[in-house]
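Taking it in order: structure first as structure tokens, then the write-up.
2 protein chains.
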Amino acid sequence: MSAPSEGVVSALTGAILMAVKVCIVGCGALGSVITGHLARLSDIEVHAYDVFQEHMRAIRERGLKISGAADFTARLNATSDPSEIPPCDFGIFATKSIHTRAAVEQTAHIFGPSAAVCSVQNGLGNEEIIAERVRYVIRGATGLAIHMRGPGHAAVEFYGDIWIGPFEPSGTPFSLVQELAALMNRAGLRFVPLHDARGAQWTKLIFNSAANAVGALTRLHHGAAARFAPTAALYEALLQEGEAVARALGIVLSADPRELVAEGARAPTKRNASMLVDVLAERPTEVDFINGAIADYGEKLGVPVPLNRAVWQLLKGLEHSWSNPS
Amino acid sequence: MSAPSEGVVSALTGAILMAVKVCIVGCGALGSVITGHLARLSDIEVHAYDVFQEHMRAIRERGLKISGAADFTARLNATSDPSEIPPCDFGIFATKSIHTRAAVEQTAHIFGPSAAVCSVQNGLGNEEIIAERVRYVIRGATGLAIHMRGPGHAAVEFYGDIWIGPFEPSGTPFSLVQELAALMNRAGLRFVPLHDARGAQWTKLIFNSAANAVGALTRLHHGAAARFAPTAALYEALLQEGEAVARALGIVLSADPRELVAEGARAPTKRNASMLVDVLAERPTEVDFINGAIADYGEKLGVPVPLNRAVWQLLKGLEHSWSNPS
Numbered sequence: 001m002s003a004p005s006e007g008v009v010s011a012l013t014g015a016i017l018m019a020v021k022v023c024i025v026g027c028g029a030l031g032s033v034i035t036g037h038l039a040r041l042s043d044i045e046v047h048a049y050d051v052f053q054e055h056m057r058a059i060r061e062r063g064l065k066i067s068g069a070a071d072f073t074a075r076l077n078a079t080s081d082p083s084e085i086p087p088c089d090f091g092i093f094a095t096k097s098i099h100t101r102a103a104v105e106q107t108a109h110i111f112g113p114s115a116a117v118c119s120v121q122n123g124l125g126n127e128e129i130i131a132e133r134v135r136y137v138i139r140g141a142t143g144l145a146i147h148m149r150g151p152g153h154a155a156v157e158f159y160g161d162i163w164i165g166p167f168e169p170s171g172t173p174f175s176l177v178q179e180l181a182a183l184m185n186r187a188g189l190r191f192v193p194l195h196d197a198r199g200a201q202w203t204k205l206i207f208n209s210a211a212n213a214v215g216a217l218t219r220l221h222h223g224a225a226a227r228f229a230p231t232a233a234l235y236e237a238l239l240q241e242g243e244a245v246a247r248a249l250g251i252v253l254s255a256d257p258r259e260l261v262a263e264g265a266r267a268p269t270k271r272n273a274s275m276l277v278d279v280l281a282e283r284p285t286e287v288d289f290i291n292g293a294i295a296d297y298g299e300k301l302g303v304p305v306p307l308n309r310a311v312w313q314l315l316k317g318l319e320h321s322w323s324n325p326s
Numbered sequence: 001m002s003a004p005s006e007g008v009v010s011a012l013t014g015a016i017l018m019a020v021k022v023c024i025v026g027c028g029a030l031g032s033v034i035t036g037h038l039a040r041l042s043d044i045e046v047h048a049y050d051v052f053q054e055h056m057r058a059i060r061e062r063g064l065k066i067s068g069a070a071d072f073t074a075r076l077n078a079t080s081d082p083s084e085i086p087p088c089d090f091g092i093f094a095t096k097s098i099h100t101r102a103a104v105e106q107t108a109h110i111f112g113p114s115a116a117v118c119s120v121q122n123g124l125g126n127e128e129i130i131a132e133r134v135r136y137v138i139r140g141a142t143g144l145a146i147h148m149r150g151p152g153h154a155a156v157e158f159y160g161d162i163w164i165g166p167f168e169p170s171g172t173p174f175s176l177v178q179e180l181a182a183l184m185n186r187a188g189l190r191f192v193p194l195h196d197a198r199g200a201q202w203t204k205l206i207f208n209s210a211a212n213a214v215g216a217l218t219r220l221h222h223g224a225a226a227r228f229a230p231t232a233a234l235y236e237a238l239l240q241e242g243e244a245v246a247r248a249l250g251i252v253l254s255a256d257p258r259e260l261v262a263e264g265a266r267a268p269t270k271r272n273a274s275m276l277v278d279v280l281a282e283r284p285t286e287v288d289f290i291n292g293a294i295a296d297y298g299e300k301l302g303v304p305v306p307l308n309r310a311v312w313q314l315l316k317g318l319e320h321s322w323s324n325p326s
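Heads up: the sequence lines are chains A and B, in that order.
In this text, residue positions in the first sequence follow the working numbering: the first is 1, and each later residue adds one.
In this text, residue positions in the second sequence follow the working numbering: the first is 1, and each later residue adds one.
Okay, here's the thing in structure tokens:
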């Protein structure tokens, strides 16, 4: 099937409305869940883009299945060829951070001068990369717990908020942030538009700096790491470093990252941090965008960040080991 | 065969001499190499003790083979039953540090009030444990590169010095240290008797705090970790923490630990740190006796040791993961 590409007839007025077009760039677990929800809105034209061809083909042939806390299958356009995608009004970037630059290069032509692209990715620095090629950029941070089940199939463990706000250097109008949030919330997601989303982004970032790095290096699932005294103490020390860097930047956190630690630790299932999933698959991790970014900011500002720097060094070393160096 | 148990006839004087009896406790790679050399001296009665029965049986049946930089097979007494071992004049402790306490409990009866026991183990704290049950204790640190090839077979990559000196709290006479060194050097090893061996022990300890912890967490062999910029920087930061703790304790290092780093990195073969070998086999590591000991001293003395504490926390977490915690 193919979504409407020219317009739909308004049920209320009978007028021809141009469908809002949205392209989700990066259809891993998070991108797929957002895509699936959005595709249930009949007045939105949804395009999914990912280099993982088997996943795109499964979506084209059988639809995108969402299970877990939700249960439905959505039909939508899915491709690994960016030239097939028409100009879009909104973009949602949901790739791993390490793929942001390549994804922007492949898709920048889709986003014209009035389009806005929102990053819902982990870590810091994605918005800066997107803004090199896209006019209006929106920063975001997510609180969903999701995972892939296989090609064409993603699962939601629980819905959480997705906080979005203008990426300051791009001068994105807040009305665009509100429009995107309204559209996503109609689709059943929980987007929260904020004038300043940095506090939410840093709250998630600081949580990730502990949960992802410690999980990836110890191979403990999050609940076990949060409960085991030595790793719990390291979580706390990493959180304190990140909080000190945020303070030096004048960023007010939206919540205590310890709440995210505790919330995750209460999960009934063993939940591996995404960097641990990457380590077990011997794929490059997002450590540059998480602990590396905090360490870079801290060192620039003169805030001590020995632990974020050390776990960054260890994870770069672990990634290096997969190349079997001489 | 069985070594002489009562005495040997002096080739020079014809007098009956009581053979010096030595028990090596812990016959991994290092213990086996020391045992093999010592067993070549006809006037020394050598007993090897290890709980690894297959290794002890192989030594009893086929002798102990030493290859690599040496090449010989030695015959000697080897047992996993400490009740078979007669009272000995000297003991050499070469178990993993985590097994020191159990090994002392099993063998303390072998060492009478005039016997001296020398630790050639990694890390700090072994001498303290041995001294709880043995009158005279000698501290030691080794510079050999060795590894096991299989039951009954150990290999020497290169010979290095083994520095020994009195364990201060036990008031061990220096003459006992000299006697042990002379005996070992006759056997072809390079023991160096020192009035104060703490500087040598801490030099090795500080080297191990970097090479072992970084290797175990990144799975890089030592040369690769020493050459890769992020892990080389972490080596340097760990070395500096250990050096600061040694200074606060008034210990003068016997060498720059960076020389040990560089020496190991020049090895033509990929050499995994012993803690990495343990991690790959999912066996408990010696981290409590290396980074844990440095962190404990530093925290007691008010010397900042965040990195030794962090790698200790990560390795305890990694060990914890092997129990598949809920």
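Backbone N, C-alpha and C define an ideal beta-carbon position, used for all residues, glycine too.
Asked: Where G317(B) meets chain A, residues with beta-carbon distance less than 7 angstroms; Found: V214, T218, L220, A225, F228, P230, T231
Asked: For L76(B), the nearest candidate out of T269(B), A141(B), G91(B), A58(B) (CA to CA); Found: A58(B)
Asked: Range of the contiguous alpha helix (DSSP H) that encloses S175(A); Found: 174 to 186
Asked: First through last residue of the alpha helix (DSSP H) which encompasses F207(A); Found: 198 to 218
Asked: Partner residues on chain B for H320(A), Cβ-Cβ distance less than 9 angstroms; Found: T218, L220, A224, A225, F228, P230, T231
Asked: In DSSP terms, what T142(B) is bridged to; Found: I162(B)
Asked: Contact between the region 228 to 247 of chain B and the region 204 to 213 of chain B (3+ Cβ pairs under 8 angstroms); Found: yes
Asked: Element boundaries [alpha helix (DSSP H), containing P306(A)]; Found: 306 to 321
Asked: Nearest candidate by alpha-carbon position, reference A115(B), set L301(B), A197(B), S170(B); Found: S170(B)
Asked: Meets three-Cβ-pair contact criterion under 8 angstroms: the region 176 to 184 of chain A and the region 211 to 227 of chain A; Found: no
Asked: Element boundaries [alpha helix (DSSP H), containing G123(B)]; Found: Segment: none, G123(B) is in no alpha helix (DSSP H) and carries neither H nor E.
Asked: Opening and closing residue of the alpha helix (DSSP H) in which V279(A) lies; Found: 274 to 280
Asked: L280(A) burial status per 10 Å Cβ neighbour count (16 or more: buried); Found: exposed
Asked: Three-state secondary structure assigned by DSSP to K21(A); Found: strand
Asked: Per-residue contacts from L280(A) into chain B (C-beta, under 9 angstroms); Found: Neighbours of L280(A) on chain B: none; closest Cβ ~11 angstroms, over 9 angstroms.
Asked: Span of the alpha helix (DSSP H) around N291(B); Found: 291 to 301
Asked: Own chain partners of L73(A) with C-beta closer than 6 angstroms, once the 5 adjacent residues on each side are dropped; Found: Sequence check: residue 73(A) is Thr here, not Leu. So the qualifying residues of the chain are G63, K65.
Asked: Residues that L307(A) contacts on chain B, provided the C-beta gap is smaller than 8 angstroms; Found: P306, L307, A310
Asked: Integer-rounded CB distance, given that V156(A) should sit under 8 angstroms from A69(A); Found: 4 angstroms
Asked: Residue environment, D81(A), which counts as buried when at least 16 other CB atoms sit within 10 Å; Found: exposed
Asked: Residues near G292(A) by beta carbon distance below 6 angstroms, same chain, minus five either side; Found: W312
Asked: Contact the region 159 to 178 of chain A vs the region 190 to 199 of chain A: 3+ CB pairs below 8 angstroms; Found: yes
Asked: A226(B) versus A265(B) - alpha carbon distance; Found: 6 angstroms
Asked: Cβ contact check for the region 102 to 117 of chain B and the region 29 to 43 of chain B: 3 or more pairs under 8 angstroms; Found: no
Asked: Boundaries of the beta strand (DSSP E) in which P86(B) is found, first to last residue; Found: It is not in any beta strand (DSSP E) - P86(B) carries neither H nor E in the DSSP assignment.
Asked: Of the residues L260(B), V277(B), D161(B), P230(B), the one placed nearest H147(B), counting alpha carbons only; Found: V277(B)
Asked: Test: Q313(A) CB closer than 7 angstroms to a CB of chain B; Found: yes
Asked: Rounded distance between the beta-carbons of I290(A) and G31(A), thought under 8 angstroms; Found: That belief does not hold up - the Cβ atoms of G31(A) and I290(A) are roughly 19 angstroms apart, past 8 angstroms.
Asked: Beta-carbon gap between F111(B) and V134(B) smaller than 7 angstroms; Found: yes
Asked: Helix, strand or coil at V252(A) [DSSP, three-state]; Found: coil
Asked: Buried or exposed by the 16-neighbour rule on C-beta atoms within 10 Å, applied to E127(B); Found: buried
Asked: Beta carbon of G91(B) nearer than 7 angstroms to that of V25(B); Found: yes
Asked: S114(A) in three-state terms, based on DSSP; Found: strand
Asked: Chain B contacts from the region 234 to 264 of chain A (Cβ-Cβ distance under 8 angstroms); Found: L234, A237
Asked: Beta-bridge partners of Y136(A), as assigned by DSSP; Found: A116(A)
Asked: C-alpha distance - A29(B) paired with F191(B), whole-angstrom precision; Found: 17 angstroms
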